[in-house]
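Trainee:
Residue numbers (our numbering), protein chains in the order written: chain A, 2 to 582; chain B, 1134 to 1282.
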C-alpha cells in the first residue's frame, strides 16, 4: 500500500484531470442511486393512484437521467484513461532515465530481465491501478455504501433483516480473496517453469537442433505444459464457484425481502413502490461485490509492481558526478596514469578484481593489455570510462583525477570499439553517426573509408541508407565490426579503447580490419585488449595482467626475453609461428 | 494477448516476458489481421470436448431460462399476491422463486466449472502445437519474426 502511495507523485501533474474524473464519477453514482427512487415514485404516485401524468413525467426524468449518466460516465472514462496513460508514460520515462543513469555496478545487481519487466508490464499494471481507482474502483464501493444507506432509508426493519446476509456475503468474499492470491502465485510458479523451457528453446534453438535434442525438449515442454494446465484447471474451477456462491446470497436476500416486505405491504406498513425500490437497492448493493474481489487482485498486483518500480527509482547510481564538477580539459593526446589502482566488487576485499595497478601511458602511446580470461583486463578498461569507480587509488588523465570531472566530458574524449559489436535498428548511416549525430554525410563517408567499410556499404542494397535489422543479422561479423570502428573514428576521440576480437572473422577481413585499426590508432593514446599478434608487436608498451596485478610490463622484445608469463601467453594465445621478431 | 517487449542481445530472460495469467492483464490488445479466420483456426482445439461443450450449452440454457423465470415470478408475486393481500399465496410463490433461483445458480456453477477445465485443456493444446511449430521452423524464422509473440 505504502509502495503504491509513493508513486502518487506521478499522478500529481494530472491532479486536475483526476479530480474532474472523480467528480464526474460521483455524479454518475448519485444518478445510479436515484433510479430506484424514481421507480418507486412511478409505482406509488403514478400506477397505484392511476395518475398518468406522474408516470410520464417520471419516465421522462428517468430517461434524461440515464442519458446524462451515460455522458458523464463517458467523460469519466475519457479522463481516467488520459490520466492512466500519462502516468504510465511518465513512469516509463522516469524508469528509463533512471536506468540510463546507472553505472555498471547498479546494473550488475539488477537483472536486465527485471528491468525489461519494469518498463513493460509493471508500468502497465500501475496504469491499470490508476485507471481503476478513478473508475470502477471508486464507483463500486460508493454504490454499495449508497445503496445500503438508502435501504435503511427505505425501511429500517427490512434493512436490518438483511444484516446477517451481508455478513455471510462478506465472509464468502473474504474467503475467496484470501485464497486467491496464493493460488494465483502457484500458477505463476508453473508459468515461470514453462517459460524457462520456452526461453531456453528459443534462445538456444541452434544448439537444440544441432545436438538433435528436439524430442527431449518436447518432452520437457509437455511436462511443464501439463503441470501448468492442471494447476490452472484447479484454480479456475475454484474461482468459477465464487460467482454462483455470491448469486445465491443475493437471490436468498431478494426472496426474503419479497416475502417479508410483501407481508409488510399487505399490512399496509410500506408501499409496493418502496418494496420494489428496496429490492433494487439490494441488487445494486451486492452487485459490485464480484467486481471488488477482482479489484483486490489488481491492487495486489499493483502493490507488487510498485515495490519493484520503487526499488529501481530509489537506487542511487554508483558513479555520480561530484557537485559542480568541471569538464575534463580537452587534449589531443592525453597522458593516462593509473596510480595504485585497486577494484573490488561491492567494495569487499575478498572479491578483488584489480590491485596495486601502477601504469603510465604517455601521449600518443599504444598499450597492449594481455592476460587470461578473468584476469581483470576488461575492468581496467571500464575504469578509464568510469563505468566503475576505482575502489582504491586514482586514474588520472593529464594529471586530473577522472572522478573530479563530469563523466560526459570524459566520455566525449574516449572512443571505444567493443568486443561485441552492438548495432541499433536504423540505417547504416544512423549507426555510424551514433556518437556524433550532427556529423555531416561527408564526415560519415570519410570515417567509413578510413574504417575500410565504404566499399561494402556501397554494395548493400541501399548503401548508407540500408536498414540494419534487429541485432544486425543482415551484416556479417566483420562488416559490423568495421561499422563500429567507423563509429568510433567519427567521434575523433583522443583516447581510444579497442577490445579487438576478430575471432569470428576470416583472414581477408581481418587484414582489412587491421588496416582500419591502424588508421584509427594513428596519433592517439590507445589501449588495446590484444588478442592479435600484429597489434602486440606494434604496441609501445605491453602490460601482462595476472590475477588482478601487473605481472610484467615492457616492449615485446624486453618481455620476450625476461618474462616467463609473457612467453607462455605468447605461445598459447598468439601462436608459435613468429618468434621474437 | 501480446507481450510487448524488445529482445535483448542474446541471453534475454524470456521467462519474464510472458505475463502471468493472474488477475492483472497488462499490455495492449493487438488486433488480429483476419479475426474470423484466426478464430476458425482455433476451433479444432475444442473438437475433443464436443460432448462436454454440448452439456455446458445445456446448462447455460437452463440457467438463462431460469434467470428469466425469476423476475417473472416476482412480478406475479407483487401484482397477484401482494396487491391482493394474499399472504399464503405470497409464501408459496416465494418458495418457488427460491427454488428457481437456486437451480439457476447451480446450473451456472456446473457450466462454469466444466468450462474452466475445457478451456484450459484446449489452451494447453494450442501451446503444445505452437511449441512444436516453433521447433520445426527454420532458424531464419526466429530471427525474422518479432520476438515475444
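Using N, Cα and C, we set each Cβ at its ideal position, and we do this for glycine too.
#1: Residue 245 of chain A touches chain B at which residues, Cβ-Cβ below 8 Å?
#2: Sort A:130, A:21 and A:158 by Cα distance to residue 302 of chain A and report the nearest one.
#3: Please compile the residues from chain A whose C-beta is within a distance smaller than 8 Å of the C-beta of residue 1215 of chain B.
#4: Give a yes or no on whether 8 Å exceeds the smallest Cβ distance from residue 1185 of chain B to chain A.
#5: Residues bridged to residue 397 of chain A by DSSP?
#6: Looking at chain B, is there any beta carbon in it that lies within less than 8 Å of the beta carbon of residue 8 of chain A?
#7: Is residue 37 of chain A buried or exposed, if buried means 16 or more other CB atoms sit within 10 Å of its CB?
#8: Is residue 571 of chain A helix, strand or coil when you go by DSSP?
#9: Let me see if you follow: with CB-CB separation under 8 Å, is residue 1257 of chain B close to chain A or not?
#10: Please tell me whether residue 85 of chain A and residue 41 of chain A are closer than 8 Å, where the distance is taken between their beta carbons.
#11: Checking the sheet assignment: what are the DSSP bridge partners for residue 547 of chain A?
#12: Using a 10 Å radius around the Cβ and a threshold of 16 neighbouring Cβ atoms, would you call residue 414 of chain A buried or exposed?
#13: Under 8 Å Cβ to Cβ from residue 215 of chain A, same chain only, skipping five residues before and after it: list those, please.
#14: Which chain B residues are close to residue 230 of chain A, counting only those with a beta carbon under 8 Å from its beta carbon?
#15: According to the Cβ coordinates, are residue 368 of chain A and residue 540 of chain A closer than 8 Å?
#16: Taking all protein chains shown into account, do 16 or more other C-beta atoms lie within 10 angstroms of the C-beta of residue 451 of chain A, making it buried, or fewer, making it exposed?
#17: Given residue 372 of chain A, which residues of its chain have a CB within under 7 Å of its CB, disregarding the five upstream and five downstream residues?
#18: Taking 7 Å as the limit between beta carbons, can you name the residues of its chain near residue 357 of chain A, skipping five residues before and five after?
#19: With H, G and I counted as helix, E and B as strand and the rest as coil, what does DSSP make of residue 417 of chain A?
#20: Taking 8 Å as the cut-off, does the stretch 87 to 102 of chain A touch the stretch 49 to 65 of chain A (at least 3 CB pairs, one atom from each stretch)?
#21: Which same chain residues end up closer than 7 Å to residue 169 of chain A when comparing Cβ atoms and leaving out the 5 residues on each side of it in sequence?
#22: If you follow the beta strand (DSSP E) that residue 354 of chain A is part of, which residue opens it and which one closes it?
#23: Do residue 1245 of chain B and residue 1200 of chain B have their CB atoms nearer than 8 Å?
#24: In the stretch 13 to 46 of chain A, which residues sit with their C-beta less than 7 Å from some C-beta in chain B, listed in chain order?
#25: Check whether the Cβ atoms of residue 187 of chain A and residue 232 of chain A lie closer than 8 Å to each other.
#26: Who are the Cβ neighbours of residue 226 of chain A in its own chain at under 7 Å, not counting the five residues just before and after it?
#27: Quick check: does the Cβ of residue 465 of chain A come within less than 7 Å of any heavy atom belonging to the ligand HEM?
#28: What do you reckon, are the CB atoms on residue 484 of chain A and residue 521 of chain A nearer than 8 Å?
#29: Considering only residues of the same chain and omitting the five flanking positions on each side of residue 77 of chain A, which have a CB-CB separation below 7 Å?
#30: If contact means a Cβ-Cβ distance below 8 Å, which residues of the stretch 1179 to 1209 of chain B contact chain C?
#31: Does residue 223 of chain A have its Cβ less than 8 Å from a Cβ in chain B?
#32: To the nearest angstrom, report how far apart residue 1192 of chain B and residue 152 of chain A are at their CA atoms.
#33: At the 8 Å Cβ level, is residue 1261 of chain B part of the contact set with chain A, yes or no?
#34: Could you compute how far the alpha carbon of residue 1256 of chain B sits from the alpha carbon of residue 1250 of chain B?
#35: List the residues of chain A that residue 1173 of chain B touches, going by C-beta distances under 9 Å, in chain order.
#36: Is there contact here, the stretch 405 to 420 of chain A with the stretch 319 to 336 of chain A, by at least three beta-carbon pairs under 8 Å?
Mentor: Concretely, from the data shown:
#1: 1238, 1239, 1241, 1242 and 1245
#2: A:130
#3: 263, 266, 267, 273 and 276
#4: no
#5: A:338 and A:402
#6: no
#7: buried
#8: Helix, per DSSP.
#9: yes
#10: no
#11: Bridge partners of residue 547 of chain A: A:550.
#12: buried
#13: 209
#14: 1253, 1254, 1256 and 1257
#15: yes
#16: Label assigned to residue 451 of chain A: buried.
#17: Counting only Cβ-Cβ distances below 7 Å, and skipping sequence neighbours, we find 378, 545, 546 and 547.
#18: Excluding sequence neighbours, residue 357 of chain A sits near 341, 343 and 550.
#19: The answer is strand: DSSP assigns residue 417 of chain A an E or B state.
#20: no
#21: Excluding sequence neighbours, residue 169 of chain A sits near 250.
#22: Element bounds for residue 354 of chain A: 353 to 362.
#23: no
#24: Under the 7 Å Cβ criterion, the stretch 13 to 46 of chain A contributes no residue.
#25: yes
#26: Non-local beta-carbon contacts of residue 226 of chain A in its own chain, meaning distances under 7 Å to residues more than five positions away in sequence, involve 195 in chain order.
#27: This structure simply doesn't include the ligand HEM, nor any ligand for that matter.
#28: Going by C-beta atoms, residue 484 of chain A is not nearer than 8 Å to residue 521 of chain A.
#29: 22, 25, 26, 29 and 136
#30: The structure shown contains no chain C; the protein chains it does contain are A and B.
#31: Yes, because at least one Cβ of chain B sits closer than 8 Å to the Cβ of residue 223 of chain A.
#32: 34 Å
#33: yes
#34: 10 Å
#35: Residues of chain A passing the Cβ test: none, with the nearest at roughly 23 Å.
#36: yes
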